[in-house]
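Residue numbers (our numbering): 37 to 324. Using N, Cα and C, we set each Cβ at its ideal position, and we do this for glycine too.
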């Protein structure tokens, strides 16, 4: 329990202990983000531990911030709610995206997908991000490659609402948003199709962290017995699109051979597989 006015260092240590006891993987980082959000300061300020404009005065948790910290720690430790849903934001590339349980929380692995696209897409290409969710891929591409014409699509109207709100807040209103189930009804007007589709096998649910199973949208996670149901559908649809000369898909561990085979059969003569920082084959890219 936090007292009515507690030095930030003590409040932070108490939050770390509670979150660690719940079995969360990164209790110190989680606590720092939650306490900083409750105080309305940058995380770095917690490490300094002094009040803004008053180097000799220690930063404290007091007033409404006491209840805010307690509630945030409860949600993280007891409910195992992801930090991004509690704070309402997730850093992604150069952007801070608003996220909530309507959308999957963007992962570092997806930043690799964006990095590859930023490097490889030709100047002026028309790009569609299929299953855009929070808009992470589409908005990052629009931000880092303003020469591109970027669209994002999703089957979920709730997800599109989040993506559109992010675009407005970030001033990236050039991105066009489409309501579509994969490519159903989408015109053949894109040079490249990119996607971070659901790719978790239905049977792997029990192995996922409580944060994922309890709070993130299942429709954005699971895709059949081997996790490739939506990838198969997407590749088969792209195969008949005459204009699409490139495709890039984020995948799960062990799925690269199967997905590379799908792209080859769909007419993509060159297929590359790129590993993430953990060495897992994470992105499959095809060109034709």
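Using a Cβ-Cβ distance cut-off of 7 Å, determine whether residue i contacts chain C.
i, result
"residue 103", "Considering every chain present, this structure includes no chain C. It has just one protein chain."
What number of angstroms, rounded off, separates the C-alpha of residue i from the C-alpha of residue j?
i, j, result
"residue 377", "residue 282", "A query on residue 377 cannot be resolved here, the shown segment of the chain reaching from 37 to 324 and no further."
"residue 170", "residue 220", "20 Å"
"residue 273", "residue 224", "10 Å"
"residue 214", "residue 97", "44 Å"
"residue 108", "residue 61", "17 Å"
"residue 280", "residue 218", "14 Å"
"residue 235", "residue 58", "28 Å"
"residue 248", "residue 45", "30 Å"
"residue 222", "residue 216", "7 Å"
"residue 102", "residue 123", "16 Å"
"residue 267", "residue 79", "38 Å"
Kindly indicate which residue of the options has the alpha-carbon position closest to the one of residue i.
i, options, result
"residue 43", "71, 188, 311 and 240", "71"
"residue 201", "163, 132 and 265", "132"
"residue 150", "138, 126, 141 and 179", "179"
"residue 251", "60, 116 and 83", "116"
"residue 271", "263, 299, 257 and 258", "299"
"residue 114", "290, 305 and 246", "246"
"residue 104", "75, 175 and 307", "75"
"residue 254", "139, 47 and 41", "139"
Report all residues from its chain with a CB closer than 7 Å to the CB of residue i; omit the five preceding and five following residues, and keep chain order.
i, result
"residue 162", "185, 225, 226 and 227"
"residue 141", "118, 120, 126, 135 and 252"
"residue 181", "154 and 157"
"residue 1", "Given a span of 37 to 324 for the chain in the structure shown, any question on residue 1 remains unanswerable."
For residue i, which residues does DSSP report across the bridge?
i, result
"residue 43", "96"
"residue 311", "317"
"residue 190", "215"
"residue 304", "Bridge partners of residue 304: none, in fact."
"residue 285", "231 and 320"
Could you check whether the Cβ of residue i sits closer than 6 Å to any heavy atom belonging to the ligand PLP?
i, result
"residue 323", "By its list of ligands, the structure shown contains no ligand whatsoever, and the ligand PLP lies outside what it can speak to."
Within its chain, find whatever has a CB closer than 8 Å to the CB of residue i; leave out the 5 residues flanking it on each side and keep chain order.
i, result
"residue 89", "Interpretation of residue 89 is limited by its pLDDT of 46, a score under 50 that renders its predicted location unreliable; the figure taken from the coordinates is listed afterwards. Cβ within range, chain order: n/a, list empty."
In this structure, how does DSSP classify residue i when only helix, strand and coil are distinguished?
i, result
"residue 113", "helix"
"residue 228", "strand"
"residue 135", "coil"
"residue 70", "helix"
"residue 81", "helix"
Here's a check: name, in chain order, each residue in its chain whose Cβ is nearer than 6 Å to the Cβ of residue i, leaving out the five neighbours to either side.
i, result
"residue 183", "159 and 160"
"residue 317", "292, 309 and 311"
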